[in-house]
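If you're matching positions, the sequence shown starts at 14 in the working numbering and goes up one per residue.
Below is one structure; the comments refer to it alone.
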Amino acid sequence: MAQTHHVVVALESFFVPVPALDLPAPHTYELQEHSRTRADQVAERIRDADILISTVVPIGADVLHPAVSPRLKMVAIVASGTDSVDLEACRARGIVVTNTPHCNTVAVAEHAVALYFAARRSVVLSHALVQSGEWPKKGTLQEALDGPDGKPPKTCRGETLGIVGYGAVGKIVESMARGLGMKVLISGRKGSSTAPEGRTPFETLIRESSVIVLCLPRSPESLDLISDAELASMKPHAVLVNVSRGLIVDEEALVAALRSGRIAGYATDVYAREPASAENSPLVGPETAGLNLITTPHVAWSAEDTNDKFHRALKENIAGWLSTGQPKYPVV
């Protein structure tokens with residue numbers, strides 16, 4: 014590679030600070046760092062970029078056109094998901110794309126278990142009732158923990174946890190759940206009446222699980238994976254946890270299921286539209302008051318350990334590409 018000095022543009026260092034890059038000699042770099050970048054600011058900011066570092070801001074074919082980003086040679090994504098980048102446009106131009114997989118798996122799995130406990134024990138709902146002064150009025154708020162079937166919450170040893178998405182996060186969730194004494198089911202593909210050995214058909218898992226954790230990637234096949242039919246098949250004391258991506262759960266159907274008592278609780282870290290608000294999400298706003306609904310702002314990945322791993326993977330991707338042409342975690 015003849016070029017030895019590189020302009021590195023980081024569009025979203027708010028999420029993960031950019032580490033000092035250890036480039037192999039004789040390569041040098043200058044960093045143009047932006048805390049946050051809106052979609053309408055991308056084109057201007059990457060015009061002189063040789064290497065682009067991003068997380069979730071859309072990098073579409075329009076800004077990947079040679080007239081807009083003529084020097085761009087590498088897009089380094091600080092995340093596992095690559096759906097924010099037009100991979101075909103990068104492939105057509107020969108732009109290298111990398112990601113940083115498996116850096117946040119422990120944090121996401123732990124967050125999933127935390128969401129389970131919060132939903133099963135109605136933590137947020139109970140908190141709201143206490144803060145609004147309902148405890149002295151009623152004498153007890155024990156019923157806030159009851160499921161739609163009128164029964165008090167299960168303990169872990171009485172739970173059957175179904176995992177949909179058996180990647181790195183799913184495997185850690187499985188280990189944690191078994192350690193808590195839960196029975197664990199691993200889902201097969203939706204629509205298939207059979208499943209590989211060790212798996213449970215999707216529809217069976219939906220019917221038999223008292224807790225369902227979604228930790229699968231978003232794809233055309235997984236859109237609206239959980240909608241009216243699945244919610245109607247769940248046990249009335251079922252708790253659903255989503256740490257995957259928005260659009261995998263039909264949010265309006267989910268709220269209707271909570272309101273009608275078809276399921277006991279929903280806890281999510283992801284949304285169809287983000288940042289979620291009362292203006293763009295049925296999961297947010299005063300109309301959800303009184304529901305056993307836990308919403309966290311897409312932060313399951315966040316941990317000191319995650320950042321350390323992101324830094325290491327990012328540096329290895331860039332250094333590997335410059336030294337051998339092969340990044341450690343290539344996507345395109």
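Even glycine gets a Cβ: it sits at the ideal position worked out from N, Cα and C.
- Short of 7 Å from the beta carbon of W314, and not among the five residues preceding or following it, lie these beta carbons of its own chain, in chain order: N117, A120, V121.
- The beta carbon of H40 lies closer than 7 Å to those of T17, H19, L335 in the same chain, with the five residues before and after it left out.
- By the Cβ-count criterion, H140 is exposed, with fewer than 16 other Cβ atoms from all chains shown falling within 10 Å of its own Cβ.
- Listed in chain order, the alpha helix (DSSP H) runs fully inside the stretch 51-97 are 55-58, counting runs of at least 4 residues.
- Of the candidates L253, A242, L100, N112, the residue whose Cα lies closest to the Cα of L174 is L253.
- When the beta-carbon positions are compared, N112 and S93 come within less than 8 Å of each other.
- In this structure, the CA atom of I59 is about 11 Å from the CA atom of S67.
- By a beta-carbon distance limit of 8 Å, R231 contacts D96. Their separation comes to about 6 Å.
- Counting the other Cβ atoms within 10 Å of the Cβ of T337 gives fewer than 16, which makes it exposed.
- Proximity of the stretch 147-167 to the stretch 72-87 falls short of the contact definition, fewer than three beta-carbon pairs being nearer than 8 Å.
- The beta carbons of V268 and P295 sit closer together than 8 Å.
- Counting C-beta pairs closer than 8 Å gives fewer than three between the stretch 154-164 and the stretch 203-214, which falls short of the contact rule.
- G73 is the residue among G73, K322, E243 whose C-alpha sits nearest the C-alpha of E101.
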